[in-house]
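The structure under discussion appears below in the form of structure tokens.
Shown next, in the form of structure tokens:
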């Protein structure tokens, strides 16, 4: 469970006592005697998106469990909210209420804290570098087998919550495509935020020009997609599985990071966003059908007795590709990941929307 305490606003305010309190809620008996701050990565530096990250080296006291790693990552907010507090709350609740039920490749968590509306939060996680992880982005080459592994992770997640009755009980808090969490914020303010970003950054204007649609038109099309997805049988979604929110392990195995946009909705949302941002357009065109088949096979193997057909999946994915452009990257300030990564993601999603004839499919 999360710890009801105030969290520091600077690295200097982190204490061994605080780390002990956070970790002991998850691992009774642990005592942090001392620690060192090895590195700090702030949101807006092009490395971290909406949260700061502090790399810690911990020294445990006598009697502490012996299987705890000494190097952890503290995901937190040190210099004020970088995003609406609901995003931080969403990820903490994922680790508190859902993570333990999943047999997925997701970072191990060692304690968390959220203060709700203040946006104040802390999340202690394993340092994936210790397992040889690398962290890809859209400017790097990612292999098709690695994308297949990530699709397998999504299929297992989706299958476990396919049309789950838990969405009317303990998981009723999970946002839908149009209501709750960030969905409500997108509904109320999304268009203005996207238009502001496009107005501020000429490279975004140039990249979407081939679509021949205004921001208002793209937003209205996306609104139709979100409403349709809200009417479909839901499953639990990662919500934001662009390639930069994944990690790749030796042996072409993949895992999923950053659950701040966790939601429930159509499986196609997750699937197409990963494929489009993870592969160059040329590679995607060659392998997209095989990748969708692989996902559907994995969905069936994971327990969905009557999965969608390939044709049904293709139609849903064509439409769902609009989210990755409009909310995924047009709304994202370039400072979050840097202009080069932002531009490549926009270029890939624009190309996919053109290839898929997504606007015609929605209209």
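Numbering (this note's numbering), first residue to last: 559 to 921.
In this text, a Cβ means the ideal position worked out from N, Cα and C, and glycines have one as well.
The straight-line gap separating the alpha-carbon atoms of residue 717 and residue 612 is approximately 34 Å.
Secondary structure at residue 816: coil, using DSSP grouped into helix, strand and coil. Per DSSP, the unbroken beta strand (DSSP E) holding residue 670 starts and ends at 667 to 672. Around the beta carbon of residue 592, a 10 Å sphere encloses fewer than 16 other beta carbons of the protein chains shown; the residue is thus reported as exposed. DSSP places residue 734 outside both helix and strand once states are collapsed to three, so it counts as coil. Closest in C-alpha terms to residue 701, from the list 806, 906, 741 and 761, comes 806.
Nearest to residue 838 by alpha-carbon distance, out of 873, 909, 816 and 732, is 909. About 6 Å separates the CB atoms of residue 823 and residue 792; that is less than 8 Å, so the two are in contact. Our two residues, residue 750 and residue 787, have alpha carbons roughly 22 Å apart in a direct line. The beta carbon of residue 799 sits closer than 6 Å to the beta carbons of 828, 831 and 832 from its chain, once the five residues preceding and following it are set aside; these are given in chain order. Rounded to the nearest whole angstrom, the C-alpha separation of residue 668 and residue 693 is 21 Å. A Cβ-Cβ separation of about 19 Å leaves residue 777 out of contact with residue 739 under the 8 Å criterion. In this structure residue 596 is exposed. Its beta-carbon is surrounded by fewer than 16 other beta-carbon atoms within 10 angstroms.
In this chain, the alpha helix (DSSP H) harbouring residue 910 covers 897 to 914.
Here the alpha carbon of residue 590 sits roughly 19 Å from the alpha carbon of residue 634. Within the same chain, and ignoring the five residues on either side of residue 761 in sequence, the residues whose Cβ sits closer than 7 Å to its Cβ are 897 and 901. For residue 801, there is no enclosing alpha helix (DSSP H), as DSSP marks it with neither H nor E. Residue 881 places its beta carbon 8 Å or farther from that of residue 732. The beta carbons of residue 664 and residue 813 sit closer together than 8 Å.
Beta-bridge annotation (DSSP): residue 769 is not paired with any residue. In summary, residue 804 is buried, with 16 or more beta-carbon neighbours lying within 10 Å of its beta-carbon over all protein chains present. With contacts defined as CB atoms closer than 8 Å, residue 892 and residue 796 fail to qualify as a contacting pair. Under the DSSP definition of a beta bridge, residue 572 lacks any partner. The beta carbons of residue 630 and residue 614 sit closer together than 8 Å. Setting aside the 5 residues that flank it on each side, residue 768 is surrounded in the same chain by 908 and 912, each with a C-beta closer than 8 Å to its C-beta; the list follows chain order. Residue pairing by DSSP puts residue 683 in a beta bridge opposite 631 and 667.
Exposed is the label assigned to residue 699, since fewer than 16 other Cβ atoms lie within 10 Å of its Cβ.
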